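Step one of this worksheet: look at the structure below.
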DNA sequence: CCAAATTATGCAACTAAGTCGCAAAGGAAA
DNA sequence: TTTCCTTTGCGACTTAGTTGCATAATTTGG
Ligand SMILES: [Mn+2]
Ligand SMILES: [Mn+2]
Ligand SMILES: [Zn+2]
Ligand SMILES: [Zn+2]
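Residue numbers (the numbering used here), protein chains in the order written: chain S, 62 to 184; chain H, 62 to 184.
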């Protein structure tokens, strides 16, 4: 399994397991944030949800993964990149990644979630 | 009980009940968004949580109340006003209302939630 | 290469915010 | 007051995510 990932785990000083590799592989291929069920569907290996959530928590604390909540009360995950916003349409529930400029905000912003109606659903 | 509120209920064409009046009174006095438990604490009358959530849902669909989720997986409620952002500090969990300028965003934005570290907690 | 130490995993039980069905109570209108 | 319709309380339920614990896998270093 991916020589690349072996190194990633070494860098972050965590053990290499197929569960972890599998999660990261799915997230690497994904072109939008995914929730647990969606990631599970795309995974080659099966793993318990406890394992999934514990590993995702670890990835998050290491800064490898970013998460936010959509309007279905589920966590959505994506590989960390530059801070950007997520627009969630409350009608079609589609999630769109987008850049926004907040201007100056005191403190440090790590997550931006916008909700509303997307342009497709907007009458 | 408040003559004012009687009129509000008439305007929105919903029945006047002490439960509803009580919820709105708490929200009117509040100076930041509150969750169910917090609203309950500030309420003079007691009511079942089912009643609370059904009424809040009605208020929301009538556009009287706005809600969003904080990082504790609870809904926070406030009386509707102009669309503004809420900053949630993931360390002290304080919620701050603030104006932000998103620039141009396609579609209609009704909720803006920022998470991160507030200036007090920022080392 | 192997044994010990450490960390991860699966399972099942649990948590808790919010929802739902239903029978009883309350409000509006006449 | 009577009738009709809406709201309420209660308890059971839902479900995403969490936790404890025994077992299994990975790392290390001798
Ligand atoms: Mn994104
Ligand atoms: Mn606000
Ligand atoms: Zn949409
Ligand atoms: Zn803070």
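Virtual Cβ for every residue (Gly too), placed ideally from N, Cα, C. On a predicted model such as this, the values are computed, not experimentally measured, just so you know.
Exercise. What residues in its chain sit with their C-beta under 6 Å from that of residue 122(S), if we drop five residues either side in the sequence?
Worked result: For residue 122(S), where only same-chain residues beyond five positions count, there are no Cβ hits under 6 Å.
Exercise. Cα-Cα, which of 139(S), 148(S), 65(S), 76(S) is closest to residue 99(S)?
Worked result: When C-alpha distances from residue 99(S) are compared across 139(S), 148(S), 65(S), 76(S), the shortest belongs to 139(S).
For this session: Determine the direct distance from the alpha carbon of residue 77(S) to that of residue 71(S), and round the result to whole angstroms.
Result: One C-alpha to the other measures close to 8 Å.
Exercise. Grouping DSSP H, G and I as helix and E and B as strand, with all else coil, what is residue 64(H)?
Worked result: Helix, per DSSP.
For this session: Determine the closest residue to residue 114(H) out of 132(H), 153(H), 137(H), with distance taken between C-alpha atoms.
Result: Comparing C-alpha distances from residue 114(H) to each of 132(H), 153(H), 137(H) shows the shortest one belongs to 137(H).
Exercise. Is it true that the CB of residue 171(H) sits closer than 8 Å to the CB of residue 144(H)?
Worked result: At the C-beta level, residue 144(H) and residue 171(H) come within 8 Å of one another.
For this session: Check whether the Cβ of residue 150(H) sits closer than 7 Å to any heavy atom of ligand 2, and report yes or no.
Result: Answer for residue 150(H): no, Cβ out of range of ligand 2.
Problem set entry | Cβ shell of residue 67(H) (< 7 Å), same chain only, five flanking positions each side left out | Correct list, in chain order: 77.
Problem set entry | Limits of the alpha helix (DSSP H) - the one that residue 84(H) falls within | Residues 79–90.
Exercise. Expressed to the nearest angstrom, what Euclidean distance is found between the alpha-carbon atoms of residue 152(H) and residue 184(H)?
Worked result: Distance between the alpha carbons of residue 152(H) and residue 184(H) is about 11 Å.
Exercise. If you draw a straight line from the alpha carbon of residue 150(H) to that of residue 181(H), how long is it in whole angstroms?
Worked result: For residue 150(H) and residue 181(H), the distance between alpha carbons rounds to 10 Å.
Exercise. Considering only residues of the same chain and omitting the five flanking positions on each side of residue 116(S), which have a CB-CB separation below 7 Å?
Worked result: Cβ neighbours of residue 116(S) beyond the five flanking positions: 80, 81, 84.
Exercise. Is there a Cβ from chain H that is less than 8 Å from the Cβ of residue 145(S)?
Worked result: So no, residue 145(S) is outside the interface.
Exercise. Can you give the Cα-Cα distance for residue 168(H) and residue 64(S), rounded to whole angstroms?
Worked result: So the two alpha carbons sit approximately 43 Å from each other.
Exercise. Are residue 74(S) and residue 164(H) touching if we call contact CB-CB under 8 Å?
Worked result: It is not a contact, given that the beta carbons lie outside the stated cut-off.
Problem set entry | 9 Å Cβ cut-off: residues of chain S touching residue 117(H) | The contacting residues do not exist; residue 117(H) stays about 16 Å from chain S at best.
Exercise. Of all Cβ atoms in chain H, is any one closer than 8 Å to the Cβ of residue 154(S)?
Worked result: No - not a single Cβ of chain H is within 8 Å of the one on residue 154(S).
Exercise. Is it the case that the CB of residue 182(H) approaches a heavy atom of ligand 1 more closely than 7 Å?
Worked result: Placement of the Cβ of residue 182(H) at a distance of 7 Å or more from every heavy atom of ligand 1 is found.
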